[in-house]
Every structure is written in C-alpha cells, then in structure tokens.
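Undergrad: One structure, pasted below without further comment.
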Amino acid sequence: MFEFAWPWVFLLLPLPWLMRLILPAADSGEPALKVSYLSDLEGLARRRARSNLPGWRQQAPFVVLWLLLLTAAARPEWLGEPLPIAASGRDLLVAVDVSGSMDFPDMHWQDEDISRLNLVKHLLGDFLESREGDRVGLILFGSQAYLQAPLTFDRRTVRTWLDEARIGIAGKNTAIGDAIGLALKRLRQRPAQSRVLILVTDGANNAGQIDPLTAARLAAEEGVKIYPIGIGADPEQNGSLGILGVNPSLDLDEPSLRAIAEATGGQYFRARDGAQLQAIKQTLDTLEPVEQQPTQARPAHALYSAPLALALILSVLLVIQERWPNNALQRGFDKLASKGLFLPPKPQWRQRLKRLRLRGRR
C-alpha cells in the first residue's frame, strides 16, 4: 500500500507564492530597453510581442521542481503486508562499564592481548546479535549511567552502538548502582518474568547516587534478574601495572557482585580471559524465552529517492539553460519554437529587426 509518512508537508505548497506577495520585487540592476517601433515588429510577427515565454510557461519548471521537493520531503513509501514478530523472548539490557580501567590490555583472545572493553565488544556483540526474538538494549556507565539504546528488536543497531563505545565517554569512575537503577526504570514497564540485566564491570562502585545492593533489592522486587560479569585477569596471572602503578584487577569487588546476583535470582560470572567470557556467553544463550504478547510489523520501502533524483536533474537542466544559453538542449527548444510551439527563436527576431532597419533607411 502506497502512502506518505508525513503528508502535512504538502501544506507548504503555497509558500513560494506567499513569499512573492510579501517580499519586495528583486531589482536586476539593468536598465529596461524601450523600442519605439515595437508595433512594427508586432505587425511582422502577426502577434503581440512578449519579453519572454508566457507567465505560466516560465513558472512551470519551478512549479514542477517545488512539487518534486515536497513529494520527497513527505517521504513516500510502500508498506508491505503485516509480518508477525516473534511472540516469545526476553527484555534484555546489557550495562557495560566504560571507565578508564576497561582500557587495560590484560585479556587474551586468539593469541593476542586486547583490552577488556574490546573483548566485551567482540563477544557480547555477537551475543546480542544472536538473541533472536528478544528485545535488547544497551547502557553505558562510568561516573554516570546513560541509556545508549532502548529496548528494541533491532539487534544489529545495538551491536553497532556497542562497537562505537569509547573509554571515558561516561566518566572515569564506576557507578554500578546508577546503572542498575537506570535499567530498572526501563525494565519495570515490560512484562514480568522476562526482565534481564547483564552487568559487565571490572571495578567497584565508587560513584553515583544509588548503593548497588539497594538497587539490587529494588530490582528483585520488580522481578529483574541481574547477571553480573566481573572482567579482568587475576593479579597473579598478569603482572602488568596501570597508570598509577597498581593492577586494575585488584579493584574488582566480587563479593558485591555475588550479592547482587543472589538478591535478584541471577548468577555471577568471572571472566579472566576470552575463553571464559566465551563460555559465559554460551551460558547466557540458554536463558529460556518467556511468552509475550504477539506483535506485528509492516515493512516499509522508502520511495523518496525517485522524486528527489528528478528534482536534481531538473535543477541541473535549469542551471545549464541559464549559464550556457547556446547549448544542445536550447537548440532543441529553438527547433520546436520554429514549428510554432514556442515563440520564434531570438535569431529570427534579429533578422526581422535587421530587415526593418534596412527598409527604414531606404
């Protein structure tokens, strides 16, 4: 079915004519040429002389151009038949720590040492994109927590936003309680028994307004299960030191993360390298789906490119006609004019004017 997504755009149709009435006429800066023998020229042509094409012919290309632009702006689209969307799945939010310590390169994956955040992007990105039937969302937190992607079936876009996350974008500290509180605010509007939060962090709560355990108890009351993932190699496995000469793995508050999982009925995971995080991803994949209210969606195919392309072509032709009058296109119009479809071309007017002057000299 064809329709316009924004049909109200056509209310702008009379705008050029209104502007013409309101704004003063433009001054070309050129003096007008008055011909005293205009009546003789009209007699030779057997028609009244005009300075150019009739008004409606002058305005026709610009009217068509304006209509094409309005049509493209109204966003024409073709709606397909309603398609069912999976009626089972979970509402799953992933909260990822993007504080400064997540840039520590102590994770091993495919024979390479990479940072904690890059490993999370790779493995959890694959996990999110594979959650068919689930609504997934993304929270990034540091000193504050921000909703990067609301709950949506568009898993590929959520994966893209996770890949674009940068260290320090939400601050250098770690506000675990605020991240849980923001997730609870978004998940409490969804059906019960389908609310899941995966919390990925490598540190302890040292910022924010909400205590993590308090936020966890509130989440338990709302039926939100939290699966914390503590990421980072053990200090004895990796002797590398951070900027301040301290191994960031010492900051991981595992007792608090275990308490959060126990309070909400979830499970705590420890990821010391890429292989363990891969195993955690496989465990999370086993989360049983929950029946939800079925939904439908109609695929929309945008058609605005066609009128926009026609408007561009017409604009180019008008510019060519204005800047290079003696072009192939203009010569074609002149041939049509010689057949009486338009006014006689300028060369014929010049010839008749020359003849009239010679006759007057005699």
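Residues are numbered in the working numbering as their position in the sequence shown, beginning at 1, plus a constant of 611.
Even glycine gets a Cβ: it sits at the ideal position worked out from N, Cα and C.
Just so it is clear, the structure is predicted and the values come from calculations on it, not from any experiment.
1. Measuring straight from C-alpha to C-alpha, what distance separates Ala882 and Val731?
2. Would you tell me roughly how many angstroms separate the C-alpha atoms of Asp862 and Phe752, rounded to the nearest one?
3. With DSSP as the reference, label Pro635 as helix, strand or coil.
4. Give me the Cβ distance between Trp772 and Ala786, rounded to the nearest whole Å; I'm assuming they're in contact under 8 Å.
5. For Trp619, which three-state DSSP category applies?
6. According to the neighbour-count rule (16 or more other Cβ atoms, all chains shown, within 10 Å of its Cβ), is Lys836 buried or exposed?
7. What does the alpha-carbon distance come out to for the pair Gln878 and Asp896?
8. Grab me the residues of Ser754's own chain with a C-beta within less than 7 Å of its C-beta, minus the 5 sequence neighbours each way, in chain order.
9. Is it buried or exposed for Thr894, if we count other Cβ within 10 angstroms and need 16 for buried?
10. Between the Cα of Val709 and those of Trp617, Thr812 and Phe615, spot the shortest distance and give me the residue it belongs to.
11. Given this structure, state the Cα-to-Cα distance separating Gly691 from Pro716, to the nearest angstrom.
12. Under 8 Å between the Cβ atoms of Val675 and Leu925?
13. For Leu728, is the classification buried or exposed, using 16 other Cβ atoms within 10 angstroms of its Cβ as the cut-off for buried?
14. Since Val927 is in the alpha helix (DSSP H), which residue starts that stretch and which ends it?
15. Using a threshold of 8 Å, state whether the C-beta atoms of Gly748 and Leu734 are closer than that.
16. Here's a check: name, in chain order, each residue in its chain whose Cβ is nearer than 6 Å to the Cβ of Ala826, leaving out the five neighbours to either side.
17. Quick check: what's the CA-CA separation for Met718 versus Lys892?
18. Roughly how far, in whole angstroms, is the beta-carbon of Tyr838 from the beta-carbon of Ala683, given that I think they are within contact range, below 8 Å?
19. In terms of residue numbering, what span does the beta strand (DSSP E) encompassing Thr812 cover?
20. Looking at the secondary structure, which residues open and close the beta strand (DSSP E) in which Gln759 lies?
21. Less than 8 Å between the CB atoms is what I'm expecting for Ala831 and Leu808, so what's the real figure, rounded?
22. Run the CB neighbour count on Thr768, radius 10 Å, all protein chains shown included, and call it buried at 16 or more, exposed below.
23. Please report the Cβ distance between Ala671 and Phe621, rounded to the nearest whole angstrom; I am assuming they are in contact, meaning their Cβ atoms lie under 8 Å.
24. Excluding the 5 residues preceding and the 5 following Asp765 in the sequence, name in chain order all residues of the same chain whose CB lies nearer than 7 Å to its CB.
25. Could you give the distance in angstroms between the alpha-carbon of Arg909 and the alpha-carbon of Glu865?
TA: With the given structure in hand:
1. Counting from one through the sequence shown, the residue named residue 882 turns up at place 271. Counting from one through the sequence shown, the residue named residue 731 turns up at place 120. Whole-angstrom Cα-Cα distance: 10 Å.
2. On the sequence shown, residue 862 is found 251 positions in, with the first residue counted as 1. On the sequence shown, residue 752 is found 141 positions in, with the first residue counted as 1. Roughly 17 Å separates the two Cα atoms.
3. Counting from one through the sequence shown, the residue named residue 635 turns up at place 24. Reduced to three states, the DSSP call for Pro635 is coil.
4. On the sequence shown, position 161 is the one that residue 772 refers to. On the sequence shown, position 175 is the one that residue 786 refers to. In this structure, Trp772 and Ala786 do not form a Cβ contact; the two beta carbons are roughly 19 Å apart against a cut-off of 8 Å.
5. Walking along the sequence shown from the start, residue 619 turns up at place 8. In this structure, Trp619 counts as helix in the three-state DSSP scheme.
6. Counted from its first residue, the sequence shown places residue 836 at position 225. Lys836 comes out buried.
7. Along the sequence shown, one-based indexing puts residue 878 at 267. Along the sequence shown, one-based indexing puts residue 896 at 285. C-alpha separation (whole angstroms): 13 Å.
8. Counted from its first residue, the sequence shown places residue 754 at position 143. The residues are Ala781, Gly782, Lys783, Asn784, Ala786 and Ala818.
9. For the purposes of this step, residue 894 is taken as the residue at position 283 of the sequence shown. That one is exposed.
10. In the sequence shown, residue 709 corresponds to position 98, counting from 1. Relative to the Cα of Val709, the nearest Cα in the group Trp617, Thr812 and Phe615 belongs to Thr812.
11. Sequence index remark: in the sequence shown, residue 691 carries index 80 (1-based). Sequence index remark: in the sequence shown, residue 716 carries index 105 (1-based). Looking at the two C-alpha atoms, the distance is approximately 48 Å.
12. Walking along the sequence shown from the start, residue 675 turns up at place 64. Walking along the sequence shown from the start, residue 925 turns up at place 314. In this structure, Leu925 lies closer than 8 Å to Val675 by Cβ.
13. The residue labelled residue 728 in the question sits at position 117 within the sequence shown. By the neighbour-count rule (16 or more Cβ atoms within 10 Å), Leu728 is buried.
14. Start at 1 with the first residue of the sequence shown, and residue 927 comes out as number 316. Note, Val927: alpha helix (DSSP H), Ser916 to Arg934.
15. Position 137 of the sequence shown, counting from 1, holds the residue named residue 748. Position 123 of the sequence shown, counting from 1, holds the residue named residue 734. Judged by their CB atoms, Gly748 and Leu734 are not nearer to each other than the 8 Å cut-off.
16. Within the sequence shown, the letter at position 215 stands for residue 826. Gly788, Ile791 and Gly792, listed in sequence order.
17. Along the sequence shown, one-based indexing puts residue 718 at 107. Along the sequence shown, one-based indexing puts residue 892 at 281. The alpha-carbon atoms of Met718 and Lys892 are separated by roughly 16 Å.
18. For this step, residue 838 is matched to residue 227 along the sequence shown. For this step, residue 683 is matched to residue 72 along the sequence shown. The distance from the Cβ of Tyr838 to that of Ala683 is about 47 Å, inconsistent with a contact at the 8 Å cut-off.
19. Here residue 812 refers to the residue found at position 201 of the sequence shown. Residues Arg806 to Thr812.
20. Stepping through the sequence shown from its first residue, residue 759 is reached at position 148. Per DSSP, Gln759 belongs to the beta strand (DSSP E) from Ala756 to Thr763.
21. Position 220 of the sequence shown holds residue 831. Position 197 of the sequence shown holds residue 808. In fact, because the Cβ distance is near 11 Å, the residues do not count as touching under 8 Å.
22. Reading the sequence shown from its first residue, position 157 is the one you call residue 768. Thr768 should be labelled exposed.
23. Sequence index remark: in the sequence shown, residue 671 carries index 60 (1-based). Sequence index remark: in the sequence shown, residue 621 carries index 10 (1-based). With a Cβ gap of about 19 Å, Ala671 and Phe621 do not count as contacting.
24. By 1-based counting over the sequence shown, the position of residue 765 is 154. Correct list: empty, nothing qualifies.
25. By one-based count along the sequence shown, residue 909 stands at place 298. By one-based count along the sequence shown, residue 865 stands at place 254. For Arg909 and Glu865, the distance between alpha carbons rounds to 46 Å.
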